[in-house]
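Enquirer: The structure follows.
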Amino acid sequence: MNGSEPGGSASLDGGEAKLGPPHETARPVIGLTTYLDRARFGVWDARAGLLPAQYIQSLTAAGGIAVLLPPQPVTAEIAARVLDGVNALVITGGRDLDPEGYGQTPHAETDRPDTTRDSWEFALLAEAMKRGMPVLGICRGAQVLNVALGGTLHQHLPDVIGNTGHRAGNGVFTPMPVRTVAGTRAADLLGESCRVQCYHHQAIADVGAKLVVSARDDDGVIEAIELPGEEFVLAVQWHPEESPEDLRLFTAIVAEAGKYASARVAE
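First residue of the sequence shown? That's 217 in my numbering, and the numbers climb one at a time after it.
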């Protein structure tokens, strides 16, 4: 076979080139939403798209390639174009959702809304679910999923459960046990119970349409929700990126992203 034949490979001197070793299986690309917030770096003090490195480190340690998706003006067409470049979506933690989105007025402890990020993540989620793309929600991401499907939130948990244990403050995460619900994807991945890192003052109240509760903590607070069925749509209220010794959720989303990518190639 020479270089002019279909499928041939030629060296620069006209001889046959040697093929290298087979490439490793391509790593799936995972899109992670980010903050758009004020930050200081170097001599700069400016608004920036940013995300704690723990998310990226956990995802890459689990075998994925991380791509950041900062908030920006969005339409359904833009969301579709963005998701053309990834194999799964992770909706990350951040400030509180605008309570107007679930029919409530703001509580005194609710953050000032970031409507650009809200719209961005709702649009990406809608497009991902339309495609059957794997989705993992983390903290705020669980709330985005729930509200997107018609659910509501407790705006300030201490008013509901009488303690501040889920968010101690000052950026200190609270370790706490959660129990999964038998028969759910969360139970399959995490077993009957696990210890997690929490930092949230809001939580899911009324569960959105078609979602099921897949984990609760000792206070009865909903700590995980999911869509039942074959498609991977799972969200947790805690922060798995803060437990680098336990990559099960990140390994799961990477594996599902790989399946999604393979199915797309086969189409």
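By construction, the Cβ of each residue, glycine as well, lies at the ideal position given by its N, Cα and C atoms.
Would a C-beta distance cut-off of 7 angstroms place G265 and P286 closer than the cut-off?
Expert: In contact: G265 and P286 (Cβ atoms closer than 7 angstroms).
Enquirer: Opposite D433 in the DSSP bridges: which residues?
Expert: In DSSP, D433 forms a bridge with V394.
Enquirer: For V259, does the three-state DSSP call read helix, strand or coil?
Expert: Three-state DSSP puts V259 in coil, outside helix and strand.
Enquirer: By the 10 Å Cβ neighbour count, where 16 or more other Cβ atoms means buried, how is R263 classified, buried or exposed?
Expert: So R263 ends up on the exposed side.
Enquirer: Helix, strand or coil for L406, going by three-state DSSP, please let me know.
Expert: Correct three-state label for L406: helix.
Enquirer: Which word fits P238, buried or exposed, when buried means at least 16 other C-beta atoms lie within 10 angstroms of its C-beta?
Expert: Interpretation of P238 is limited by its pLDDT of 42, a score under 50 that renders its predicted location unreliable; the figure taken from the coordinates is listed afterwards. So P238 counts as exposed.
Enquirer: Do the region 287-296 and the region 457-471 meet, that is, are 3 or more Cβ pairs less than 8 angstroms apart?
Expert: With a cut-off of 8 angstroms, the region 457-471 and the region 287-296 do not count as touching, because too few Cβ pairs lie within range.
Enquirer: Taking only three categories from DSSP, how would you classify A277?
Expert: Helix.
Enquirer: Measure the C-alpha to C-alpha separation of L267 and L352 and round it to an integer number of angstroms.
Expert: L267 and L352: Cα-Cα distance of roughly 16 angstroms.
Enquirer: Under a Cβ-count criterion, where at least 16 other Cβ atoms within 10 Å of its own Cβ denotes burial, should D422 be classed as buried or exposed?
Expert: Flag for D422 reads exposed.
Enquirer: Only counting runs of 3 or more residues, tell me where the beta strand (DSSP E) segments fall wholly within the region 321-392, in order along the chain.
Expert: Counting whole runs of 3 or more residues, the region 321-392 contains the beta strand (DSSP E) stretches 351-354.
Enquirer: So N405 and A358 are supposed to be a Cβ contact under 8 angstroms. How far apart are they, rounded?
Expert: The question names Asn, but residue 405 is Leu in the sequence shown. About 15 angstroms; that fails the 8 angstroms criterion.
Enquirer: Assign F448 to buried or exposed, taking buried as 16 or more other Cβ atoms, counted over all protein chains shown, within 10 Å of its Cβ.
Expert: Looking at its Cβ environment, which holds 16 or more other Cβ atoms inside 10 Å, F448 is buried.
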